[in-house]
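A.B. asks: Dumping the structure here so I can ask a few things about it.
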């Protein structure tokens, strides 16, 4: 049984969840940068902001140049035009890399950010060294597709729904109450127009780059929670089978916001470590999983509130 690691490290990471300082590119993309070394760019999901990566920024910046971005229309970043599709979000990300003078990058995306990271890998070739695709969708079934398109169509009329996403992302898990409330705060801060544009692109983007994984040469990690109802374990394993160097990692007992509810596990999986003759995303405590050809693995996480709850969140967020 794999546990989440030391509570001290988790508390230190979650203490970083207050508002983080930002810089802006010439075109208006806001970002936070920490650490030095090989670049790792973090892209959050719809309705969130770069602070959603606080546990990963705190942990991974010890060995990498970590750059977390506010997606267009979120946080302090400029919006994309109404009607922008996933392709426009991928093009935005390419412009961001250009403005940051980043020749090659590792990319980790969550949810909509995962779709952007996958599109970047399919479009930009060797410029994307590695991809961590967290809680990302792949070819929704007809029922799920109809539901997400219906939600997207309702946003211009009804505005940003907070309770629906929170229910899908967290369920009734009492150990995730603090993370849920922080996520609610971020949803309350989001620009409705920016949210609507991004959600529409998210709703229509599950197949846009779905065929591209077979041509992605670099290491690709597909991670989700066992209980995520929309970014399912089946989707993760299907994508991992398509990608030549794809690996699926399923965190037991967690849902959509697994980077917040199981930060120690996610942090250690997403670390860039060396295997024999190659560098890949690697899990520190289970080195052979990436080096012995084991493409699919489930991580069991003790459901102890002392380990799982998202503690001591700075109230400035």
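Residue numbers (UniProt numbering): 1 to 317.
A virtual CB, placed ideally from N, CA and C, is assigned to each residue, including glycine.
These numbers come from a predicted model, not from an experiment.
Give the straight-line distance between the Cα atoms of residue 64 and residue 32, rounded to the nearest whole angstrom.
C.D. replies: If I take the Cα positions, the gap works out to 13 angstroms.
A.B. asks: Between the C-alpha atoms of residue 134 and residue 110, what's the straight-line distance to the nearest angstrom?
C.D. replies: Whole-angstrom Cα-Cα distance: 5 angstroms.
A.B. asks: Starting from residue 131, trace the beta strand (DSSP E) in both directions and tell me its first and last residue.
C.D. replies: Element bounds for residue 131: 128 to 134.
A.B. asks: Pick out whichever of 117, 254, 101 has its Cα sitting closest to the Cα of residue 132.
C.D. replies: With distances taken between Cα atoms, residue 132 lies closest to 117.
A.B. asks: Classify residue 80 as helix, strand or coil using the three-state DSSP reduction.
C.D. replies: Of the three classes helix, strand and coil, the one that applies to residue 80 here is coil, per DSSP.
A.B. asks: So, are the CB atoms of residue 20 and residue 54 less than 9 angstroms apart?
C.D. replies: Against a cut-off of 9 angstroms, the Cβ pair of residue 54 and residue 20 comes out as a contact.
A.B. asks: So residue 193 and residue 79 are in contact, right, with Cβ under 8 angstroms, and what is the actual spacing, rounded?
C.D. replies: 6 angstroms between Cβ atoms; contact.
A.B. asks: Please report the Cβ distance between residue 70 and residue 140, rounded to the nearest whole angstrom; I am assuming they are in contact, meaning their Cβ atoms lie under 8 angstroms.
C.D. replies: Not confirmed; about 26 angstroms, so no contact.
A.B. asks: Would you list the one or two residues that DSSP bridges to residue 222?
C.D. replies: DSSP output for residue 222 lists 133, 248 as bridge partner(s).
A.B. asks: Is the separation between the beta-carbon of residue 255 and that of residue 225 shorter than 9 angstroms?
C.D. replies: Result yes, Cβ atoms of residue 255 and residue 225 sit closer than 9 angstroms.
A.B. asks: Which stretch, first to last residue, makes up the beta strand (DSSP E) that contains residue 65?
C.D. replies: Run containing residue 65: 65 to 69, per the beta strand (DSSP E) assignment.
A.B. asks: Check whether the region 146 to 162 touches the region 241 to 257, counting contact only when three or more Cβ pairs, one atom from each stretch, lie closer than 8 angstroms.
C.D. replies: Contact fails: fewer than three Cβ-Cβ distances are below 8 angstroms.
A.B. asks: How long is the line joining the alpha carbons of residue 228 and residue 169, rounded to whole angstroms?
C.D. replies: Those two C-alpha atoms are separated by around 7 angstroms.
A.B. asks: State the Cα-Cα distance for the pair residue 221 and residue 127, rounded to the nearest angstrom.
C.D. replies: About 17 angstroms.
A.B. asks: Out of 161, 114, 263, 74, state which residue places its alpha-carbon closest to the alpha-carbon of residue 49.
C.D. replies: Cα-wise, what sits closest to residue 49 is 74.
A.B. asks: Just to confirm my understanding: we take residue 187, look at its own chain, exclude 5 residues before and 5 after, and list those with CB closer than 6 angstroms. What are they?
C.D. replies: Excluding sequence neighbours, residue 187 sits near 47, 162.
A.B. asks: Could you please give the first and the last residue of the uninterrupted alpha helix (DSSP H) stretch that includes residue 209?
C.D. replies: From DSSP, residue 209 is part of no alpha helix (DSSP H); its letter is neither H nor E.
A.B. asks: Near residue 84, which residues of its chain fall below 7 angstroms by C-beta distance, leaving aside the five closest residues on each side in sequence?
C.D. replies: Only 197, 201 meet the Cβ criterion.
A.B. asks: Once you ignore the five residues that flank residue 287 on each side, which residues in its own chain have a CB closer than 6 angstroms to its CB?
C.D. replies: Note that residue 287 has pLDDT 33, beneath the 50 cutoff, so the model's placement of it is unreliable and the number below is only indicative. So no residue of the chain qualifies.
A.B. asks: Would you call the CB atoms of residue 95 and residue 27 closer than 9 angstroms?
C.D. replies: Yes. Within cutoff.
A.B. asks: Is residue 109 helix, strand or coil when you go by DSSP?
C.D. replies: Residue 109 falls in the strand class under three-state DSSP.
A.B. asks: Would you mind giving the Cβ-Cβ distance between residue 41 and residue 107, rounded to the nearest angstrom? I have them listed as a contact below 8 angstroms.
C.D. replies: That pair is a contact at about 5 angstroms.
A.B. asks: Should residue 223 and residue 177 be called a contact, given that it needs their Cβ atoms to be closer than 9 angstroms?
C.D. replies: Going by C-beta atoms, residue 223 is not nearer than 9 angstroms to residue 177.
A.B. asks: Let's test the definition: count the other Cβ atoms within 10 Å of the Cβ of residue 172 and tell me whether it reaches 16, buried, or not, exposed.
C.D. replies: Exposed, since its Cβ has fewer than 16 Cβ neighbours within 10 Å.
A.B. asks: Between which two residues does the alpha helix (DSSP H) holding residue 156 run?
C.D. replies: From DSSP, the alpha helix (DSSP H) with residue 156 extends over 142 to 158.
A.B. asks: Following the continuous beta strand (DSSP E) through residue 39, name the residue where it begins and the one where it ends.
C.D. replies: Unbroken beta strand (DSSP E) run through residue 39: 39 to 43.
A.B. asks: Closer than 6 angstroms by C-beta to residue 240: which residues in its own chain qualify, once you throw out the five before and the five after it? Chain order, please.
C.D. replies: Excluding residues within five positions, the ones whose Cβ falls inside 6 angstroms are 222, 246, 247, 248, 295.
A.B. asks: Taking C-alpha atoms, which residue in 45, 68, 159 lies nearest to residue 231?
C.D. replies: It is 45.
A.B. asks: Measure the Cβ-Cβ separation of residue 183 and residue 260 and say whether it is below 9 angstroms.
C.D. replies: Yes, the Cβ-Cβ distance between residue 183 and residue 260 is below 9 angstroms.
A.B. asks: Considering only C-alpha positions, which residue in the set 39, 56, 66, 144 is nearest to residue 235?
C.D. replies: The residue with the shortest Cα to Cα distance from residue 235 is 144.
A.B. asks: Residue 142 and residue 102 - do their beta-carbons sit closer together than 9 angstroms?
C.D. replies: Against a cut-off of 9 angstroms, the Cβ pair of residue 142 and residue 102 comes out as no contact.
A.B. asks: Cα separation between residue 215 and residue 174?
C.D. replies: When rounded, the distance between both Cα atoms is 41 angstroms.
A.B. asks: Going by DSSP, which residues form a beta bridge with residue 23?
C.D. replies: Partner(s): 31.
A.B. asks: Should residue 233 be labelled buried (16 or more other beta-carbon atoms within 10 Å of its own) or exposed?
C.D. replies: Flag for residue 233 reads buried.
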